[in-house]
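For the working numbering, count along the sequence shown from 1 and bump the result up by 22. Note sheet for the following structure.
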Amino acid sequence: MTEDDATLILPTVTAEGSVDDTAVFARVEDARPEVDPASRALIELDGVGMTYPGPPPVEALKPVQLKVGDGEYVAIVGPSGSGKSTLLNLLGLLDAPTSGTYWLDGHDTSTMKESMRTRLRADKIGFIFQSFHLMSHRTATENVAMSLVYQGIPRRRRRQIAREKLELVGLGHRLDALPTTLSGGERQRVAIARALAAEPSLLLCDEPTGNLDSHTADAVLATIDELHSGGLTVLMITHDHDVAERAQRAVTIRDGELREGNHIGDERVPTDHPGPGTLVMPRAQ
Ligand SMILES: Nc1ncnc2c1ncn2[C@@H]1O[C@H](COP(=O)(O)OP(=O)(O)OP(=O)(O)O)[C@@H](O)[C@H]1O
Ligand SMILES: [Mg+2]
């Protein structure tokens, strides 16, 4: 995930510092996707694969089947280069797969125009990355409030929501602080508040504690646990087994292939998980 990728989920800010949301509304207003009422999984991947064109082409994600039920907490565990971020970028509608179909909350995203994908992303998905991607000259409240531009919410209400979300993550006393005056854990809390501002169904996390010491990481993970307990679906990408163990269910990724269970470093037979989602082995080539 790069700084450029992060801008995809942030509103446009003019040189003067005001938010330019006109273009965003123009693009998303006509984009109300159809819902398939038969679908119950929040995430459903059917043969989804990703090959970067290269040269040479890199098959970063082999065609996979994956279902994540509404309200699940799933960890995706794998070593560096295994395809974790590739998968997250696809799930977050930041990239489109080169094969297969991705259903998000009943919406077939594979046939959508980019404007519809943008709308769906803004409505359904909150992101947390290892780097916090905060605007350094904006206060905590402004950083959170700006994420709501896509929703067409008036400025005053945006700021009110931002304050509520910052209070929710324990930063009610630092509403006007600039990111440079916050600790690493506090910055990540601002990022969590920003991810929650639009009331997403799905929280996508890519190594959110990678830049934090273990004590601060525990506190951030406890906040994510609480959000999950409140009904949020969480997908946690990590190479850290301790982080993965907080999830209800782990899926291992290695060389672009998914397997149910936490298999890094051993070859245990996967056990059945109690959650509503299921994972099927990649199809035989
Ligand atoms: N834009 C790209 N073009 C070509 N290959 C890419 C591109 N992005 C990633 N890859 C390759 O795809 C594979 C998976 O990369 P990915 O970033 O998904 O790994 P990761 O599991 O997130 O690793 P890390 O833990 O180091 O972040 C790697 O071999 C990587 O080199
Ligand atoms: Mg990565």
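Here a beta-carbon is modelled for each residue, glycine too, at the ideal position from N, C-alpha and C.
* Residues that DSSP places opposite residue 121 in a beta bridge -> 71
* Separation of residue 155 from residue 135, as counted between CA atoms -> 26 Å
* Asked: Counting Cβ pairs closer than 8 Å, one from the stretch 138-152 and one from the stretch 188-196, do we hit at least three?
  -> no
* Between the Cα of residue 126 and those of 272, 233, 222, 264, spot the shortest distance and give me the residue it belongs to. => 222
* Asked: ligand 1 heavy atoms versus the CB of residue 82: any closer than 7 Å?
  -> yes
* Can you tell which of 262, 185, 220, 253 has the C-alpha that lies nearest to the C-alpha of residue 240? -> 262
* Taking C-beta to C-beta, are residue 163 and residue 181 nearer than 8 Å? -> yes
* Is it buried or exposed for residue 228, if we count other Cβ within 10 angstroms and need 16 for buried? -> buried
* To do: For the beta strand (DSSP E) containing residue 108, list its first residue and its last residue.
  => Segment 106-113 is the alpha helix (DSSP H) holding residue 108; no beta strand (DSSP E) there.
* Asked: Quick one: is residue 78 buried, meaning 16 or more other Cβ sit within 10 Å of its Cβ, or exposed?
  -> exposed
* Asked: Using the beta-carbon count (16 or more within 10 Å), is residue 231 buried or exposed?
  -> buried
* Return the chain-ordered list of same chain residues with a C-beta closer than 6 Å to the C-beta of residue 276, the five sequence neighbours on each side being excluded. => 100, 104
* State yes or no: is the C-beta of residue 102 nearer than 7 Å to some heavy atom of ligand 1? => yes
* Asked: Mind listing, in chain order, the residues whose beta carbon lies closer than 6 Å to a non-hydrogen atom of ligand 2?
  -> 106, 107
* Asked: Is the stretch 89-99 touching the stretch 115-124 in the sense that three or more CB pairs, one from each, lie closer than 8 Å?
  -> no
* Sorry if obvious, but does the Cβ on residue 195 come closer than 7 Å to a heavy atom of ligand 1? -> no
* What's the call for residue 252, buried or exposed, on a 16-neighbour Cβ count within 10 Å? -> exposed
* Asked: Is it buried or exposed for residue 201, if we count other Cβ within 10 angstroms and need 16 for buried?
  -> buried
* To do: Output yes or no for whether 8 Å exceeds the beta carbon distance between residue 255 and residue 80.
  => no
* Asked: Roughly how many angstroms separate the alpha carbons of residue 186 and residue 209, rounded to a whole number?
  -> 16 Å
* To do: Rounded to whole angstroms, what's the CA-CA distance from residue 106 to residue 272? Just pull it up for me.
  => 13 Å
* **Cutoff 8 Å; reference residue 132; Cβ partners in own chain excluding five residues on either side** => 118, 119, 122, 123, 124
* Asked: According to DSSP, is residue 212 helix, strand or coil?
  -> helix
* **Beta-carbon proximity check, residue 115 vs residue 224, cutoff 8 Å** => no
* Taking the DSSP output, what are the residues bridged to residue 151? -> 228
* Give me the Cα-Cα distance between residue 170 and residue 246, rounded to the nearest whole angstrom. => 21 Å
* Assign residue 215 to one of two classes, buried (16 or more other C-beta atoms within 10 Å of its C-beta) or exposed (fewer than that). => buried
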